Each structure stands twice: as structure tokens, then as C-alpha cells.
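Have a look at the structure below, then the notes.
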Amino acid sequence: MMYWDIFWSFFIANILGYGGGPATIPLIQNEVVNRYHWMSLSEFGDLLAIANALPGPIATKMAGYIGYELGGGFGAAVALTATILPSAIAVIILFKFVNLFKDSPEVKLMTKSVQPIIAVLLAVMAYQFFLAAFEDSGIFHLILLTGLSYFTLIKWKIHPSLVIIGALFYGGILLA
């Protein structure tokens, strides 16, 4: 039954996650943290940070890790299959229609309509991470890491993965 739950949770998140990684992350979080309680919000945030720092698609890295933690190698294979399958099915079925509808105003409007929904989902997830960080590490560390992240990303133009790695080291050394 566990493997079915793993498959179903990642399949649903990825079939509904129109737009790639940013759209699927809140859906995966809902399944993994809220519905099945396989991880805490803090653990999910740590996994998201590590997945962002590594190359490749975020959803597949997260699925592989979560599946492996829950069901070993077979669990990872099930989670990865469920993550890749919706896109593979869509590409196979919809490939014939790409040229027919690529300039359609309705399709363009539909695509533009999804963007605010994704933004709201990401904002809600960011707010939940903010509250969890505040509860877990306190206001001092939260303000310090926020300020350092702002300056390193915006002012000094350091690559985001290096900022994430730096924050991970900070948390591992001072907050562990």
C-alpha cells in the first residue's frame, strides 16, 4: 500500500503541476507534508534547498529522495516513474496538436491564466517556510540569514546555489 501512496502522491502532483518545477513543488509539499505526513515542513524546506542547489529538475530529485527514504530503491523507482509519467503521456498524446494550437489566443490566455495561481502557491509555501524558520531558529538567525541572502543575491550577484550552500553550512554549524 505504501508504494501505491508514493506513486499516487507524485503522480497527482505532477499531473496537476502545469508549468514544471515551480508549479509542482507546492503540490508535492501538500502531499508529502500535509496529506501523508512523511516529512515535516522544515525537512521539506531543507530538501527543497538541497534540490535547488543540485543540477537537474527539482521534482525528480525530490521524488527520488522521498521515494528512497520511504521505500528504498523500489520506492525511489516508483516515485520517479510517477513524476515522469504525466509528462511522458502528455508529450506522446499532445505532440500531434502542437502545431495546430501553438498560435491560438485561447491557449495563450490559458497559459497566462495559470501564472498567477502558481505565484500564489509559491507565496503560500514561502510564507509557511518563513513561519517554520521563525519557530525553529528564532528571529535573530532569520533576520541575519535573510539580510545576508539579500546582499549576496541582489547586491553582490552571487549565484543562488552558493547562497543556499552557505545557508546550509550556517544552519548545520550554528543551528544544529
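For what it's worth, my numbering labels the leading residue of the sequence shown as -15, then goes sequentially. Using N, Cα and C, we set each Cβ at its ideal position, and we do this for glycine too. Predicted, not measured: the structure shown is a model, and the values here were computed from it.
No residue range can be given for residue 1, since it is assigned to no alpha helix (DSSP H) and is classified by DSSP as neither H nor E. In the three-state scheme derived from DSSP, where H, G and I count as helix and E and B as strand, residue 9 is classed as helix.
Under the rule that a run must span 3 or more residues, no beta strand (DSSP E) segment is found entirely inside the region 15 to 96.
Judged by beta-carbon spacing, residue 136 lies within the 8 Å limit of residue 142, meaning their Cβ atoms are closer than that value. The criterion of a C-beta distance shorter than 8 Å is not satisfied by residue -10 and residue 70. By the criterion of at least three beta-carbon pairs nearer than 8 Å, the region 34 to 48 is in contact with the region -6 to 13. Here the alpha carbons of residue 117 and residue 124 stand approximately 11 Å from one another.
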